[in-house]
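Residue 0 is where the sequence shown starts when you use numbering that gives the first Met the number 0, and the numbers rise one by one after that. Ideal placement from N, C-alpha and C gives every residue a C-beta, glycine not left out. Here's the structure, in structure tokens; my notes come after.
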Amino acid sequence: MVDRHEDILAAEHEIYYPPPEVVEKAYIKDYDAVREKALADIEAFWAERAQELDWFEPWEKVLDDSNAPFYKWFVGAKTNIVHNALDRHINTWRKNKIALIWEGEPGDQRSYSYYRLWQEVNKFANVLRSLGVKKGDTVTIYMGRVPELPIAMLATAKIGAIHSVVYGGFSEQALADRIHDAQSRVLITADGAWLRGKTVNLKDIADEAVHRSPVVEHMVVVKRTGQQVNMEQGRDYWYHELMSLPIASPHCETEVMDAEDPLFILYTSGTTGKPKGVLHTHGGYQVYTSTTLKWVFDIKDDDRWWCAADPGWITGHSYIVYAPLILGATSFMYEGAPNYPYPDRWWRMVEKYGITILYTAPTAIRGLMRFGDAWPKRHDLSSLRLLGSVGEPINPEAWRWYYRVIGKEKCPIMDTWWQTETGGFMITPVPSYPLKPGSATKPFPGIDAEIVDEEGDPVKPNEDGYLVIKKPWPGMARTVWGDPDRYVKQYWERYKEKGYYLTGDSARKDEDGYFWIIGRIDDVIKVSGYRLGTAEIESALVSHPAVAEAAVIGIPDELKGNVIWAYVILKQGVEGSDKLVDELKQHVRHETGPITVPAKIFFVDSLPKTRSGKIMRRVLKARALGKDVGDTSTLAD
Ligand code: WTA
């Protein structure tokens, strides 16, 4: 069993200093000084950062806090993030630079110069317009990791529409709920996706989701695997056929947007009920993501940046799609599984493409570490100069392996703590900063992070508390789509008087002021770095005819960070059996997707509840771990 506190105690005095050549090259040499200066005047700091981008019209005010917590940034400015990500590069030498190199799981390859990517985006933007998509409309995108995914996102944003990308690992009900909530009339998907040598039937899942959420009028289908799919006449179109029509001209006007106009919705799991559509906007998000990527990963023109996340999650939105393009960087993207066909697939590609910076999740590192040192040692990894980690706390053991075996003790590891809601990195080192294995180090310049108690007062060093952010920042979420009250309730109500943003994580600071994230304090479970809500998995279970009630909890796991355990009350007259366990797992896989499947399912007669009927998952978890169940005064039974 893994214990984060033991990890912290073991590693808090273990310091790794950056190699001199890294410091020399880095944009930020004195992190503490830059941090201090930025905090002294956050508006001046962000205004200066925003000057690096193009704006059609300048802002009148950097920050408008008159209607807090609905903060506004760069008020009055006109812009479009796609102008900064693509259009502006076409008039410079970067026109011919490679923007994206892509490798499919079967081994096929493609690359796009900035010019070609710009043309493809323009063409698809025109296609979307011809399907009736207008400024302010939502477009849902459900695909594997293929170049058409970023192209579809950028095309949507270019014409001022709002994309909602649903991760390709989600299944029917999850997709249907997200389509319904966003009320998308257009869905962009693919026939299938490659994963571990097999195909995932995306179009079949999309068909069923649209059947459940019939708002969709048109589906655009990318041909990826060539598998047999059902195409409904008048509703479904092949992407490649639309892209070869005269309407798909390679020129397309970029819509002029208000800095505060919506850019995308990204659904994420919250404490209760249905998933929340976190909303980000054009202006602040472009400033925040590009600044953080530039400084933290020290992006230079000769880099080959590989963010190994999925574009369907915030990490991919910010650091595969938008920030690298804004910075004019060359990115690499890979379609499939890290260990397919062999456990050296990643290391082979690092060597082949000369990757200089690799950014991934602890679960992937642990997974690859399991196969031993021989696989990475077969490859020349000397192109690497920086490494990164995101998604969950990294345990010191995995950190040291990554540092030693992959980075050859010359690549600092940027452990970046952040969230869908924050838009970009919040607590993170920069390459010149001394590291401790498992600590995300210090807040980024302009970010006022603190660890507080119930009353909102700072806790002492080495004490656990709630992680809060005390001042607004440009990359922050603006609201929950269609539910502003939920936005206030979820993030701002807890420390209303003080105006702090509640992250939902617990953390501590050590004596050197280094932040150590401990984990979620709410009903969110991180499985292999994926953020899942208990509520969605529980409703998938309850939608099975044998189930009366269900509760799920996260249990620490060496490989995945956490796994899901489910406690199920069966309907009267139904007998629990191994066969039923398998059937329930299959059902959850079908409804919400493979990552949401419980590792264990227990049949029980009752669940611990408060008198108001809320399931006390904390009690279930303590019991499962053989720990003291703590205060149970609110327990009904
Ligand atoms: C967790 C992912 C420790 C944390 C970008 C947070 C981390 C949640 C780290 C957000 C890290 C993310 N160290 N924990 N470096 N990065 N987390 O919205 O619990 O998918 O609240 O965004 O992931 O997950 P999300």
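Across the structure, residue 595 and residue 563 are spaced so that their CA atoms are roughly 8 angstroms apart. At the C-beta level, residue 476 and residue 419 come within 9 angstroms of one another. Among the bridge pairs identified by DSSP, residue 448 is matched with 468.
In this structure, the alpha-carbon of residue 257 lies about 17 angstroms from that of residue 86.
Put simply, the backbone Cα of residue 625 is about 18 angstroms away from that of residue 598.
Within its own chain, the residues whose Cβ lies closer than 8 angstroms to the Cβ of residue 198, once the five positions on either side in sequence are excluded, are 191, 192, 224 and 226, listed in chain order. Bridge partners of residue 109 according to DSSP: 101. At a threshold of 8 angstroms, residue 266 does not count as near ligand 1, since its beta carbon sits no closer than that to any of the ligand's heavy atoms. DSSP places residue 289 inside the alpha helix (DSSP H), whose first and last residues are 281-295. With fewer than 16 other beta carbons inside 10 angstroms of its own, residue 131 counts as exposed. Under the three-pair Cβ rule at 8 angstroms, the stretch 115-127 counts as touching the stretch 245-257. Measuring C-alpha to C-alpha distances from residue 26 to each of 179, 274, 3 and 291 identifies 291 as the nearest.
Inclusion of residue 515 and residue 437 in the CB contact set at 9 angstroms is warranted, their separation being smaller than that value. Shown here, residue 370 sits in coil according to DSSP, grouped into three states, outside any helix or strand. Pairing residue 117 with residue 278 gives a Cβ-Cβ distance that is not under 9 angstroms. Within the stretch 285-359, the alpha helix (DSSP H) runs of at least 4 residues that lie entirely inside it are, in chain order, 322-325 and 344-352.
Between residue 209 and residue 178, the CB-CB gap stays under 9 angstroms. Of 430, 220, 613 and 416, the smallest CA-CA separation from residue 518 is found for 416.
Between ligand 1 and residue 439, a heavy atom-to-CB distance of less than 8 angstroms is present.
At a threshold of 8 angstroms, residue 164 does not count as near ligand 1, since its beta carbon sits no closer than that to any of the ligand's heavy atoms. Here residue 65 is exposed: its Cβ has fewer than 16 other Cβ atoms, across all protein chains shown, within 10 Å. Residue pairing for residue 400: DSSP places it in no beta bridge. Taking C-beta atoms as the reference points, residue 389 and residue 266 fail to come closer than 9 angstroms. Taking 8 angstroms as the upper bound for CB-CB distance, residue 333 and residue 364 are not in contact here, some 16 angstroms apart. In the displayed model, residue 505 falls within a strand according to three-state DSSP. Counting only residues of its own chain and dropping the five nearest sequence neighbours on each side, residue 426 has a CB closer than 8 angstroms to the CB of 415, 416, 417, 439, 440, 441, 442, 443, 446, 448, 514 and 516.
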